[in-house]
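Residue numbers (this note's numbering): 328 to 501.
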Amino acid sequence: MGRFLAISTPRLRLVAASAGLEAAACARDGSLEQQLGAGAAPDWPPRFAEEALGYWREPLERDPGLAGWTVWYWIEFAGDERRLVGYGGFVGAPKDGNVEIGYSVVDSAQGRGLASEACRALVAWASCDERVKRVVAHTLAEPGPSQRVLAKLGFQPVGAGAEAGTLRHELELG
Numbered sequence: 328m329g330r331f332l333a334i335s336t337p338r339l340r341l342v343a344a345s346a347g348l349e350a351a352a353c354a355r356d357g358s359l360e361q362q363l364g365a366g367a368a369p370d371w372p373p374r375f376a377e378e379a380l381g382y383w384r385e386p387l388e389r390d391p392g393l394a395g396w397t398v399w400y401w402i403e404f405a406g407d408e409r410r411l412v413g414y415g416g417f418v419g420a421p422k423d424g425n426v427e428i429g430y431s432v433v434d435s436a437q438g439r440g441l442a443s444e445a446c447r448a449l450v451a452w453a454s455c456d457e458r459v460k461r462v463v464a465h466t467l468a469e470p471g472p473s474q475r476v477l478a479k480l481g482f483q484p485v486g487a488g489a490e491a492g493t494l495r496h497e498l499e500l501g
């Protein structure tokens with residue numbers, strides 16, 4: 328695996344997207360997995376992430392300093408196996424004290440706390456930047472796994488989201 332901005336947790340390695348990684352994700356030729364040193368889960372990419380794959384390529388080409396403030400690739404470590412299981416991170420650099428987080432995990436890896444583990448690490452990473460005062464997230468309005476992940480991390484629902492049928496959640500930082 329090349330040199331990338333990364334965060335390690337007990338079961339995951341989160342690798343910040345670069346323009347090159349985003350280009351590899353769009354190519355769907357195995358080059359993403361090769362660069363990350365991990366195989367992809369059989370159901371890769373995750374639901375809700377397929378449309379987003381590659382979105383950050385051009386912004387990261389223009390400003391490589393955005394790395395970390397866009398998406399991260401989530402690699403699960405299970406023994407000697409490394410498997411790409413999630414895609415999520417932030418929707419750009421901090422603005423007015425806020426960053427927005429979003430994420431998706433492949434169906435085959437859901438229900439094991441990986442989203443909670445990854446999001447906890449991402450929130451901790453963002454909280455090291457003095458510009459970040461609040462982390463924002465949006466979920467579907469009906470109760471589901473994403474709302475449980477956010478609740479575990481201390482996010483509070485604060486009302487309707489910008490899109491119909493969504494709910495906004497916020498986490499105030501120190």
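Quick reminder that beta carbons are idealized off the backbone N, C-alpha and C, glycines included.
Only a predicted model underlies this, so the values are computations on that prediction, with no experimental measurement involved.
For the candidate residues the options, whose alpha-carbon lies nearest to that of residue i?
i: E444; options: T336, L332, F331; result: T336
i: G492; options: E427, L477, G471, T466; result: T466
i: E377; options: G415, A468, G395, A442; result: G415
i: E385; options: E497, G488, G419; result: G419
i: G488; options: E469, D423, A478; result: E469
What is the DSSP secondary structure of residue i, reduced to helix, strand or coil?
i: K502; result: Lying outside 328 to 501, the shown extent of the chain, residue 502 is not represented and no answer is given.
i: W399; result: strand
i: A343; result: strand
i: A354; result: helix
i: R518; result: Any question about residue 518 goes unanswered here, given that the chain covers just 328 to 501.
i: A394; result: coil
i: R447; result: helix
i: R374; result: coil
i: L332; result: coil
i: D359; result: For the sequence presented, residue 359 should be read as Leu rather than Asp. L359 falls in the helix class under three-state DSSP.
Can you say whether residue i is buried or exposed, counting buried as having 16 or more other CB atoms within 10 angstroms of its CB?
i: E403; result: buried
i: E360; result: buried
i: A351; result: buried
i: V398; result: buried
i: L363; result: buried
i: L332; result: exposed
(message) Three Cβ pairs or more, each shorter than 8 Å: is that satisfied between the segment 456-470 and the segment 356-372?
(response) no
(request) Take every Cβ of the segment 446-453, pair it with every Cβ of the segment 406-414, and state whether three or more of those distances are shorter than 8 Å. (result) no
(message) I'd like to know if the segment 423-435 and the segment 362-378 are in contact, where contact means that at least 3 CB-CB pairs between them fall below 8 Å.
(response) yes
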